[in-house]
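See below for the structure under consideration.
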Amino acid sequence: MLRQEEDRRLRDAALRTLSLTIRMHERRNILGAIAVTAPAGQRRRTIYDAQRGSQLPGRLVRGEGDPPSSDASVNDAYDGLGATYDFFNDIFQRNSIDDRGMRLDASVHYSQDYDNAFWDGQQMVFGDGDGVIFLNFTKAVDVIGHELTHGVTQHTANLSYHNQSGALNESVSDVFGSLVKQYHNNQDVESADWLIGAGIMAPGMNATALRSMKDPGSAYDDPKLGGKDPQPKQMNNYVQLPDTEDGDFGGVHINSGIPNHAFYLIAEQLGGHAWERAGHIWYSALRQLWPSAQFSDLANITFEVAGTLFGAGSAEQQAVRDAWTQVGVAPAPLRRRMSMTSAKRAAVKSSETNGQKLKESLDRVSLEIQAIRNSLT
Amino acid sequence: MRISLERTGGFHPPAMRRRCVVDSQSLTEPDARELERLLQATDLKDVNQHRDPVLPMPDMFSYKIDVEDGPEKYTVRVSDAQMSEALSHLITWLKEKSR
Ligand SMILES: [Zn+2]
């Protein structure tokens, strides 16, 4: 019975991934991307203009090294991708999203009055905003950093976009999105605004931004935004929502306030440039996390990492413990962590087996696509 | 005919949820004809059969379109990842008309 259920789930997951992969193959043909590893430190940006339509990527308008365009959105996107690339490369020696020099592609002017930006698994998409509530989404470098970090997460912890692991996925994007902005503007903990989306709010709104890491719940209070910022900053106020599209997959953009605030508290305690210590602890933890990780897993791992990087009992490790305790997710004592590690090992093992099966079916599809492509040319 | 459009998801879903309703009876003659044309171009009733299952993709919008056409009722769900040009035009038009 269980076996059958698992097989069915695995098959469904494989089918979903396959159809997405076929779509990506088609897109890659259009983009003309070739899977090669680019040398570290080499940015490869391409900006397209969707010309207010929904067909991606659109018309190529600026490639790497090309002079600025007369279109501000094109240049803002180009610069934002560059700022994000530089941040990950300079601070963590990460060579682009996949750490293999992946090209950074973005389409601007997507659809009409479109109030959003997203990463679709292989490229960034920006709307112009409606001008009443939101301005052009290329205007906020933290939003660009947030979206590209979804790509980094996809290539590392691959946090499942549901409930707590989904809120961690969102939080990781806010943390590094904010750090991209702080590094770009050379801000320290004190001078940074710790806001997400400050640059895209239209004038006249009762809103400083969409989210605040320093003070979750305080970013806005405006009927045009559905009322008041609902983010909690304490586990006691965790918002239970259904794991559906309508429920934001369990409130992943709401409960991210809790780990966001933990990061802020650590950075505030340590002072200076947030990316230097708190940022390193978070990046190192991201590479150790796994798809089903919960808040307590991030708390435990960051505590452990802080001990490894800066010493057991160091000011850094103490700051990590204090921050997580303050938001209600105190790191667990060692003995409990040991048993969690074995649970993690079991989870990784099972996802490796599934991953291997998925990879085999994907490889078969790739071959079929290649064969079709060959027969066409 | 009554069409309601509900948008969820996005970069910050709690602030981005939108709902609008368009009733063809309250539309002007040219608008009603335009709606008819947009609907035909999307092949709305068949959209669900030809699209991929919904994957939770970070920060994308999802749309739920409910159509009541006399005794006939159906619902279409689509996300940005599965958006066709025709469907995108219909969604933009519905948002504009319900303002
Ligand atoms: Zn996000």
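Read top to bottom, the protein sequences are chains X and A. Letter by letter, the first sequence follows residues 0 to 376 in numbering that gives the first Met the number 0. Letter by letter, the second sequence follows residues 0 to 98 in numbering that gives the first Met the number 0. Even glycine gets a Cβ: it sits at the ideal position worked out from N, Cα and C. Values in this document were obtained by computation on a predicted structure and should not be read as measured data.
So is residue i buried or exposed if we call it buried at 16+ other beta carbons inside 10 Å?
{"i": "G256(X)", "result": "buried"}
{"i": "D296(X)", "result": "buried"}
{"i": "P13(A)", "result": "buried"}
{"i": "N168(X)", "result": "buried"}
{"i": "G40(X)", "result": "exposed"}
{"i": "K72(A)", "result": "exposed"}
{"i": "G270(X)", "result": "exposed"}
{"i": "R32(A)", "result": "exposed"}
{"i": "D79(A)", "result": "buried"}
{"i": "S25(A)", "result": "exposed"}
{"i": "I2(A)", "result": "buried"}
{"i": "R334(X)", "result": "Interpretation of R334(X) is limited by its pLDDT of 47, a score under 50 that renders its predicted location unreliable; no figure is taken from the coordinates."}
{"i": "E377(X)", "result": "Residue 377(X) lies beyond the residue range present for chain X, which begins at 0 and ends at 376; the question has no answer from this structure."}
{"i": "K44(A)", "result": "exposed"}
{"i": "N94(X)", "result": "buried"}
Is any heavy atom of ligand 1 found at a distance shorter than 7 Å from the C-beta of residue i?
{"i": "P229(X)", "result": "no"}
{"i": "S151(A)", "result": "In the structure as shown, chain A starts at 0 and stops at 98, and residue 151(A) therefore has no counterpart that could be examined."}
{"i": "E189(X)", "result": "no"}
{"i": "E244(X)", "result": "no"}
{"i": "H145(X)", "result": "yes"}
{"i": "H149(X)", "result": "yes"}
{"i": "P258(X)", "result": "no"}
{"i": "S172(X)", "result": "yes"}
{"i": "T58(A)", "result": "Correcting the residue identity first, residue 58(A) is Asp in this sequence and not Thr. It does: the Cβ of D58(A) is within 7 Å (strictly closer) of some heavy atom of ligand 1."}
{"i": "E169(X)", "result": "yes"}
So, are the CB atoms of residue i and residue j less than 8 Å apart?
{"i": "A206(X)", "j": "Y219(X)", "result": "yes"}
{"i": "P231(X)", "j": "G216(X)", "result": "yes"}
{"i": "E84(A)", "j": "G52(X)", "result": "yes"}
{"i": "N259(X)", "j": "D141(X)", "result": "no"}
{"i": "E244(X)", "j": "T7(A)", "result": "yes"}
{"i": "Y263(X)", "j": "M212(X)", "result": "yes"}
{"i": "M56(A)", "j": "D119(X)", "result": "yes"}
{"i": "Y47(X)", "j": "P38(X)", "result": "no"}
{"i": "V46(A)", "j": "L93(A)", "result": "no"}
{"i": "A156(X)", "j": "P290(X)", "result": "yes"}
{"i": "F125(X)", "j": "V107(X)", "result": "yes"}
{"i": "A277(X)", "j": "A266(X)", "result": "yes"}
{"i": "F294(X)", "j": "G165(X)", "result": "no"}
{"i": "L240(X)", "j": "G250(X)", "result": "yes"}
{"i": "M204(X)", "j": "I253(X)", "result": "no"}
{"i": "V326(X)", "j": "A305(X)", "result": "no"}
Figure out for me which residue from the options has the closest Cα to the Cα of residue i.
{"i": "N299(X)", "options": "S170(X), T324(X) and A273(X)", "result": "T324(X)"}
{"i": "D104(X)", "options": "S69(X), D114(X), R58(X) and G310(X)", "result": "R58(X)"}
{"i": "G64(X)", "options": "A76(X), R43(X), Q54(X) and A305(X)", "result": "R43(X)"}
{"i": "S68(X)", "options": "T148(X), Y237(X), T45(X) and G226(X)", "result": "T45(X)"}
{"i": "H11(A)", "options": "F136(X), L308(X) and Q54(X)", "result": "F136(X)"}
{"i": "Y160(X)", "options": "Q92(X), E189(X), A292(X) and A311(X)", "result": "A292(X)"}
When Cβ atoms are compared, which residues of the stretch 96-120 of chain X fall closer than 8 Å to chain A?
S110, Q111, D112, D114, N115, A116, F117, W118, D119 and G120
So if I threshold CB-CB distances at 9 Å, which residues from the stretch 17-45 of chain A count as touching chain X?
R17
Interface residues of the stretch 245-260 of chain X facing chain B [CB-CB below 7 Å]
In summary, chain B is missing from the structure at hand, where the protein chains are X and A.
Chain X contacts made by the stretch 73-93 of chain A, where a contact means CB separation under 7 Å
D79, A80, M82, E84, S87 and T91
Which residues, in chain order, does the stretch 272-286 of chain X contribute to contact with chain A at a C-beta distance below 9 Å?
none
Taking a Cβ distance cut-off of 7 Å, strictly less, list which residues of the stretch 48-60 of chain X are near chain A, in chain order.
G52, S53 and Q54
For the stretch 171-195 of chain X, which residues have a CB atom closer than 9 Å to at least one CB atom of chain A, in sequence order?
S172 and I195
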